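Residue numbers (the working numbering): -3 to 89.
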């Protein structure tokens, strides 16, 4: 991984860990439903930020290399990206 992206991804993961612990406590304490939902949505947004970092790293490293190799490697990179795009568009469906 690219050092800066790795650092930022690990930071985001640590934030997510705290958010998840907070969400767990909110459910255990039977907090107000809208507050729990708000926390859950914040976690989803944080996961989106993490995914963006991971995709950026993949594009800057693996995909670049796969495109340079051409042929089957290039096609595999395109298929991977299409799969991620499809998964991201099917969230919550």
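A virtual CB, placed ideally from N, CA and C, is assigned to each residue, including glycine.
These numbers come from a predicted model, not from an experiment.
7 Å Cβ shell around residue 5 - same chain, five flanking residues per side excluded: Closer than 7 Å at Cβ, skipping near neighbours: 46, 49 and 50.
Got a sec? Which residues, its chain only, sit under 7 Å from residue -2 by beta carbon, not counting five neighbours each side? Excluding sequence neighbours, residue -2 sits near 53, 56 and 57.
Sequence-distant residues of the same chain with beta carbon closer than 7 Å to residue 76, five excluded per side: Within the same chain, no residue comes within 7 Å of residue 76 by CB-CB distance, once the 5 residues on both sides are set aside.
Segment contact flag, the region 8 to 19 with the region 29 to 39, C-beta cutoff 8 Å, min 3 pairs: Flag = yes, the region 8 to 19 and the region 29 to 39 touch.
So is residue 30 buried or exposed if we call it buried at 16+ other beta carbons inside 10 Å? Burial call: exposed.
Nearest-angstrom beta carbon gap, residue 73 and residue 63 [assumed within contact, 8 Å]: Contact between residue 63 and residue 73 holds, with the beta-carbon distance rounding to 6 Å and staying under 8 Å.
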